[in-house]
Structures are given as structure tokens and as C-alpha cells.
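In this note's numbering, the protein residues as written are -6 to 107. I have placed the structure first, in the form of C-alpha cells, so that the comments after it can refer back to it.
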Amino acid sequence: MTPLPFGHLLVVALLGSLIGPQVALFLAAFAENKVAGFAMFKFLNSLLFIPIVAFFLPGNWQLLAGFLSPFWPLKVFWLAAQGQSYWPFLLAGLLVNLITLMLLLQRFQKVVHR
């Protein structure tokens, strides 16, 4: 396998960088205390394996994991590594990640301002 050009890696990294704030907002918005936050974090970690499992599914079946934000950077990486066009998946990933961030931010603001 040949190494990916820096531009492709940068695109994947930028898309993947949206996941960290989502995890932080999720924990801050839904965890009542440190113990609940730890349990939720363990649950989130188990959800992160679903996009990896999707790699082994044929064709469009992979898109079932598309409701999870981490799927999209992985899909873009897989396509870039195969030399295929990934722009539609990049745009879909941006949309899913930004909508998720927006919803989590709204929930976080409700919790903070109660």
C-alpha cells in the first residue's frame, strides 16, 4: 500500500477532529457525575467499534454505520487509500458531524442554563 498524500490525510484529520468536541459535549450534557460520565465514556468507546466493523460489510451496507460520526473519516480514508473519489462522503460526513455538534451544543446549553 502506498502512503497517502498529505492533502488526503489532512482532509481525514480535519473531519476526524470534529469527533472530540462531540464526545466532550455529550459527556458534559448527559453525565450527572463523574461515575456516570465514566460509564457513558465506556459506552461511547464501544460505539466507536461499529464503523470499524462496517469496513467488512459489502458495498452500501457500510452506510448503515453512517449515523455515527466516526464512520465518515474512516470511509473517506478507505476511499482515499483505494484511490477513489471521496468528496460526496466528505460532504456527508461534514453534514452529519456539524448537525451532531449543533444538537449536542443545544443540549449542553440547556443543561448549563437550568
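Where is the CB? At the ideal position from N, CA and C, for every residue including glycine.
- Each of Phe23, Met95, Trp54 and Leu67 was checked against the Cα of Leu37, and the nearest Cα belongs to Phe23.
- Membership of His1 in the alpha helix (DSSP H) is indicated by the continuous run Phe(-1) to Gly9.
- No Cβ-Cβ contact shorter than 9 Å links Gly52 with Ala85.
- Taking a cut-off of 8 Å on C-beta distances, the segment 71 to 78 does not touch the segment 39 to 46, as fewer than three cross pairs fall below it.
- A distance below 9 Å separates the beta carbons of Leu11 and Leu94.
- At a Cβ-Cβ threshold of 9 Å, Gln15 and Leu67 do not count as neighbours.
- If you look at Trp65, you'll find it in the alpha helix (DSSP H) that goes Phe64 to Ala74.
- DSSP, reduced to helix, strand and coil, places Asn90 within a helical segment of the structure shown.
- In the three-state reduction of the DSSP assignment, Gln55 falls in the helix class.
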